[in-house]
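Numbering (this note's numbering), first residue to last: 46 to 436.
One structure is given below, encoded as structure tokens.
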């Protein structure tokens with residue numbers, strides 16, 4: 046009996062020792078408001094991280110949209126997440142309110158931080174409380190056949206050419222004397238203007254506004270909601286489409302399935318004045334640390350640092366149909382697909398002409414939406430420009 050109790054005690058001690066030796070993974074909570082497709086891509090990315098770092102478990106909570114996420118994030122009673130993926134334009138306000146943890150402690154770490162070469166490799170600006178993680182840009186899509194009918198072998202490289210395509214490509218199909226297919230079409234989205242107005246003078250901004258106002262006034266261009274804009278282009282209702290780089294994946298899928306009824310061509314956006322290099326204006330989402338627990342912050346930084354690795358950024362850009370935020374990742378992607386392919390050309394424009402407005406000088410989104418409404422209402426271009434530039 047005593048011998049049996051002795052062996053039982055040894056067994057209990059052994060099991061206790063084994064249990065204490067195997068620590069449960071540290072849990073990180075990550076909030077985001079990405080659409081379902083990109084939410085799946087993010088889940089795959091965190092799974093890859095956990096496979097390499099079994100000591101960490103990442104739990105993801107998705108929100109219906111950015112507004113719901115930001116409202117929850119600002120509640121003082123909420124414990125909140127350890128990591129959050131937020132719209133870049135929301136970073137300044139969250140930083141000023143003290144909601145984001147400063148990153149300088151880790152950025153300057155000689156072993157686990159970002160070197161001067163790493164920072165130089167970033168294509169998007171970095172804020173004190175966040176790192177760039179996901180970016181989209183604007184480019185010009187064109188129906189190759191109808192473009193040639195308008196007298197252009199390639200998409201126009203300036204706004205004079207865009208006006209010409211717009212006027213020549215607008216067709217009156219029902220014979221009522223008014224064009225019912227647009228030569229130019231773009232989403233009704235304030236970010237379109239924000240991207241074009243990066244570091245622009247008043248004269249250059251005025252040229253853009255006048256160009257948009259002219260095309261809307263003569264009826265050869267339209268501003269519509271993003272999904273409607275893409276559908277109109279797929280249905281052959283327009284020659285040119287200004288839209289996000291992400292749409293290239295949709296158009297490629299349509300072409301592979303045999304549903305694209307025209308030859309697709311791409312081009313970067315001409316600068317408003319025509320005197321500057323073509324643009325790839327960008328916007329997107331940043332990763333930030335929100336926990337106040339120093340131990341949690343350290344683990345959260347390890348994920349942020351891992352997510353910025355060139356190989357990880359290249360994989361993430363492919364799966365999320367996004368722009369890479371590192372130059373080296375963009376070079377990898379361009380070499381992988383070939384510089385002459387449509388996607389390879391797009392990566393080349395990103396590497397040569399990517400622009401993103403500094404966080405502290407971003408245009409007010411409400412004012413941009415108001416400008417869009419003024420454009421659609423037929424307001425005079427000078428009045429619109431005055432509203433845009435008002436203090």
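For glycine and all other residues, C-beta sits at the position ideal for the given N, C-alpha and C.
Q: Going by CA-CA distance only, name the one from 206, 269, 375 and 276 that's closest to residue 414.
A: With distances taken between Cα atoms, residue 414 lies closest to 269.
Q) What residue range is occupied by the uninterrupted alpha helix (DSSP H) comprising residue 190? A) Run containing residue 190: 189-194, per the alpha helix (DSSP H) assignment.
Q.
Less than 8 Å separating the Cβ of residue 296 from some heavy atom of the ligand SAH?
A. In terms of ligand content, the structure shown is empty, and the ligand SAH therefore cannot be addressed.
(Q) Does the region 302-313 come into contact with the region 337-345, if we say contact requires no fewer than three beta-carbon pairs (one atom in each stretch) closer than 8 Å? (A) The answer is no - the region 337-345 does not touch the region 302-313, with fewer than three Cβ pairs under 8 Å.
Q. How is residue 271 classed by DSSP in three states: helix, strand or coil?
A. Residue 271 falls in the helix class under three-state DSSP.
Q) What residues in its chain sit with their C-beta under 7 Å from that of residue 262, if we drop five residues either side in the sequence? A) Close CB contacts of residue 262 within its chain, under the 7 Å cut and outside five residues either way in sequence, are with 423 (chain order).
Q: Please decide whether residue 356 counts as near chain D, where near means a Cβ-Cβ distance under 9 Å.
A: Structure shown: chain D not included; a single protein chain is present.
Q: For the region 127-181, list the beta strand (DSSP E) runs that are entirely contained and at least 3 residues long, ordered along the chain.
A: With a minimum length of 3 residues, the unbroken runs of beta strand (DSSP E) contained wholly in the region 127-181 fall at 128-132.
Q. In whole angstroms, what separates the C-alpha of residue 310 from that of residue 141?
A. Between the alpha carbons of residue 310 and residue 141 lies a distance of about 43 Å.
Q) In chain order, what residues of the same chain have a beta carbon less than 7 Å from the beta carbon of residue 181, not counting five sequence neighbours either side? A) The answer, listed in chain order, is 289, 290, 291, 327, 328, 329, 367 and 368.
Q: Measure the alpha-carbon distance for residue 235 versus residue 336 and round it to whole angstroms.
A: The alpha-carbon of residue 235 is positioned some 32 Å away from that of residue 336.
Q | Neighbourhood of residue 227 by C-beta, 7 Å cutoff - its chain only, sequence neighbours within 5 removed | A | Closer than 7 Å at the Cβ level, and outside the excluded window around residue 227, lie 215, 265, 266, 267, 282 and 283.
Q. Can you round the beta-carbon distance between residue 128 and residue 332 to whole angstroms, since I take them to be within the 8 Å contact cut?
A. The pair is a contact, with the Cβ atoms about 6 Å apart (cut-off 8 Å).
Q: Out of 148, 193 and 157, state which residue places its alpha-carbon closest to the alpha-carbon of residue 171.
A: The candidate whose alpha carbon is nearest that of residue 171 is 148.
Q.
Could you compute how far the alpha carbon of residue 370 sits from the alpha carbon of residue 169?
A. Each residue's alpha carbon lies about 6 Å from the other.
Q) Are there three or more Cβ pairs, one per stretch, closer than 8 Å when the region 376-396 is compared with the region 208-224? A) With fewer than three CB-CB distances shorter than 8 Å, the region 376-396 does not count as touching the region 208-224.
(Q) Check whether the region 358-366 and the region 156-165 touch, using three or more Cβ-Cβ pairs below 8 Å as the test. (A) Too few Cβ pairs lie closer than 8 Å, so no.
Q) Once you ignore the five residues that flank residue 429 on each side, which residues in its own chain have a CB closer than 8 Å to its CB? A) These residues qualify, in order along the chain: 254, 258, 416, 419 and 420.
Q) Which of helix, strand or coil does DSSP assign to residue 283? A) Residue state, collapsed to three classes: strand.
(Q) Out of 87, 107 and 95, which one is the CA nearest neighbour of residue 344? (A) Looking at the Cα atoms, 95 is the closest of the given residues.
(Q) Tell me the rounded alpha-carbon separation between residue 87 and residue 145. (A) Rounded to the nearest angstrom, the gap between the Cα atoms of residue 87 and residue 145 is 21 Å.
**Q.** Bounding residues of the beta strand (DSSP E) (the contiguous stretch that carries residue 111)
**A.** Run containing residue 111: none in the beta strand (DSSP E); it sits in the alpha helix (DSSP H), 111-118.
(Q) Using 9 Å as the threshold, is the C-beta distance between residue 110 and residue 78 below it? (A) Their beta carbons are under 9 Å apart, which means residue 110 touches residue 78 by this criterion.
(Q) Using the three-state DSSP reduction, which class does residue 228 fall into: helix, strand or coil? (A) Looking at residue 228 - three-state DSSP - the assignment turns out to be strand.
Q: Take the Cβ of residue 196 as the centre, count every other Cβ of all protein chains shown within 10 Å, and call the residue buried at 16 or more, exposed below.
A: That one is exposed.
Q. Residue 332 lies in the beta strand (DSSP E); which residues open and close that run?
A. Residues 325-334.
Q. With residue 184 and residue 396 assumed to form a contact (beta carbons below 8 Å), what rounded beta-carbon distance in angstroms separates them?
A. Contact flag wrong, Cβ pair sits at about 14 Å.
Q) From residue 299 to residue 275, what does the alpha carbon distance come to, in whole angstroms? A) Here the C-alpha atom of residue 299 lies approximately 12 Å from the C-alpha atom of residue 275.
Q: Could you tell me whether the Cβ atoms of residue 232 and residue 287 are closer together than 9 Å?
A: Yes, the Cβ-Cβ distance between residue 232 and residue 287 is below 9 Å.
Q: Assign residue 260 to one of two classes, buried (16 or more other C-beta atoms within 10 Å of its C-beta) or exposed (fewer than that).
A: Buried, by the Cβ-count rule.
Q.
Along the chain, where does the alpha helix (DSSP H) containing residue 337 start, and where does it finish?
A. Membership of residue 337 in any alpha helix (DSSP H) is not indicated, and neither H nor E is assigned to it by DSSP.
Q: Enumerate in chain order the residues of its own chain whose CB-to-CB distance from residue 102 is below 6 Å, with the five nearest sequence positions on each side excluded.
A: Excluding positions up to five away in sequence, the list reads 70 and 72.
Q) Is the CB-CB distance between residue 151 and residue 118 below 9 Å? A) Annotated as distal: residue 151 and residue 118, with beta-carbon spacing of 9 Å or more.
Q: Flag this pair as yes or no: are the beta carbons of residue 159 and residue 131 separated by less than 9 Å?
A: Taking 9 Å as the cut-off, the beta carbon of residue 159 is found no closer than this to the beta carbon of residue 131.
Q) Going by other Cβ atoms of all chains shown within 10 Å of its Cβ, with 16 needed for buried, is residue 362 buried or exposed? A) Buried is the call here.
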